[in-house]
Amino acid sequence: MNAQTPASRRSAQPDHHPGEELIVAYASGALDEANALAIASHMTLCPVCRDAVALYETLGGSLMDHLPPAPLADGALIETLARAKAMPATSQPRSSLAAHGTAPLLPAPLRHYVGGDIDAAKWRPLGAGIHHMPLINGDSVTARLLRIGPGRSVFDHTHGGTELTVVLDGSYTSQGQHFTRGDIEVADETVHHRPVASMKGACVCLVVTDAPLRFHSWLGRLMQPFIGI
Amino acid sequence: MENAPAFSPFKDSLDSSRSYGTGQVRQMAKLARTAMRAETGVAAQTMIPSDAKQEATGTGNEAARMTTLLSAFQAARDEAIFAELFRYYAPRLKSYMRKLGAAEDIAEELAQEAMASVWRKAHLFDAGRAGAGTWIFSIARNLRIDAFRRQHRPEIDFDDPVLVSAEPATPEVALDRDRQAIAIRAALAALPREQARIVHLSFFEDKPHAQIATELGIPLGTVKSRMRLAFQRFRKALGEQTS
Ligand SMILES: [Zn+2]
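Chains as they are written, first to last, in our numbering: chain D, 1 to 229; chain U, 1001 to 1243.
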């Protein structure tokens, strides 16, 4: 099914993973939508984490299996059957997406929010060679696509909470580490985060921020109202 | 999956002292609070199956039988087969919803809705990827995220052309799903009580949205190290079960 994937995108397995707590939280359903989007995007590009989620889903199934059964009301089966038959079966073929000629850049869970692949992204300029597209604006958690121009960097910032960054295209360097397609970086309030995109091309990432960013440069502070977070 | 080192990509997070999102923090804090209450004997009763080891084989057979039944239903869409799946899963689904805080009538409603989804989505079930119990758990989980939080659940698409595949699995690694479930059960039974409780709570406690204040008093480092330890030991026990 990956036969048509261009070689340039048939990347190796990622080196940077989210960590067990986030995997468990995703599998159990405890994670909020924006963070779950980051994990699902990483998982699409990471067979190891896919296996880990499958493992914890199996654990979840096993735990549910052993709960003391709670009896249902009389007639529940009849009601359920009526309910099931009243709705049409979800009938989209399982391989509807695989039919496309060339492989998209964005993982399916992200295409759902962008409304298509990367060429459907509605970029808004933030200045300094950076563009973004907000995807989820929750109470305290936001998810957006970020495009950092070649050699450009995101303003130096720290986080009130946690920031997850999933690389989708290009690469960046942060804290002396290199992040490429599929890699996920977990940065918390102790990290002075200043990702620098590779000179080779723009870097596109999904960024999930769990509390407003705090910028340290005057330019960053100036930009904050435009970012609207 | 042969033993714990197969999951080593997590070792850097196990060793580090990073923290995670506020959601995580809240949830972990809640776990810790409950675990701490547990130590002083005040915790709400959480089911810790001490006899899960003996039970494991029998339940494993039951789980395998349910997977066979679901596959049969997928092929035939027979009401009698569905009724049997319903008798087994509906009360467990209701129990799951109750544990996560749904009131009696809501839990009943969600259990029925989950089973109706089983009917409607049966053609999507892939016995090669998950057993019936795992698949139905994921339906229930997504349903309650939708019902409790009104949020969409971002899910992977296994037919996504973007999907990066693993090396072809060796026969030992491709342990069949139902046997994996048995191993998981036994690994859970091998955990010390405290850790088993943390594992249970991470599946049966929903993240409360408005309780940060209450939870700020918890030493986060302790919480995180306990949670890591619990899942580390779970992985290790699983490695011992399947090696
Ligand atoms: Zn991974």
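Beta carbons: idealized from backbone N, C-alpha and C, even for Gly. Please read all numbers here as calculations on a predicted model, not as lab measurements.
Taking 8 Å as the cut-off, does the stretch 102-117 of chain D touch the stretch 132-147 of chain D (at least 3 CB pairs, one atom from each stretch)? yes
Express the C-alpha separation of residue 1155 (chain U) and residue 1242 (chain U) in angstroms, rounding to a whole number. 28 Å
Does residue 78 (chain D) pass the burial test, meaning 16 or more other C-beta atoms within 10 Å, or should it be called exposed? exposed
Quick check on DSSP: helix, strand or coil for residue 1155 (chain U)? coil
Taking contact to mean 3 or more Cβ pairs, one atom from each stretch, closer than 8 Å, check whether the stretch 193-210 of chain D and the stretch 160-176 of chain D are in contact. yes
Could you check whether the stretch 1116-1128 of chain U touches the stretch 139-150 of chain D, counting it as contact only if at least three pairs of C-beta atoms, one from each stretch, sit closer than 8 Å? no
Is there a Cβ of chain D sitting closer than 7 Å to that of residue 1166 (chain U), yes or no? yes
Comparing the CB of residue 17 (chain D) with every heavy atom of ligand 1, is any distance shorter than 6 Å? yes
State the beta-bridge partners of residue 208 (chain D) as determined by DSSP. D:143 and D:164
Nearest chain D C-beta to residue 1184 (chain U) closer than 7 Å, yes or no? yes
For ligand 1, any of its heavy atoms closer than 6 Å to the Cβ of residue 48 (chain D)? yes
Cα-Cα separation between residue 186 (chain D) and residue 21 (chain D), rounded to whole angstroms: 12 Å
From which residue to which residue does the beta strand (DSSP E) around residue 79 (chain D) run? No beta strand (DSSP E) contains residue 79 (chain D), which is instead part of the alpha helix (DSSP H) from 76-86.
Could you say which of U:1200, U:1117 and U:1187 lies nearest to residue 1099 (chain U) if we only look at CA atoms? U:1200
Members of the stretch 55-81 of chain D near chain U, C-beta cut-off 8 Å: 55, 57, 58, 59, 60, 61, 62, 63, 64, 65, 66, 67, 68, 69, 70, 71, 72, 73, 76, 77, 79, 80 and 81
Unbroken beta strand (DSSP E) run spanning residue 171 (chain D), endpoints: 171-174
Using only the alpha-carbon positions, how far apart do residue 1139 (chain U) and residue 105 (chain D) sit? 28 Å
Taking 7 Å as the CB-CB cut-off, is residue 1160 (chain U) touching chain D? yes
CB-CB under 7 Å to residue 1082 (chain U), same chain, minus the five flanking residues each way: which ones, in chain order? 1073 and 1119
Hey, does residue 207 (chain D) have any beta-carbon neighbour from chain U nearer than 7 Å? no
6 Å CB neighbourhood of residue 1145 (chain U) in its chain, flanking five on each side removed: 1151 and 1153
Run through the DSSP bridge pairs and tell me what residue 1200 (chain U) is partnered with. Its beta-bridge partners do not exist; DSSP assigns none.
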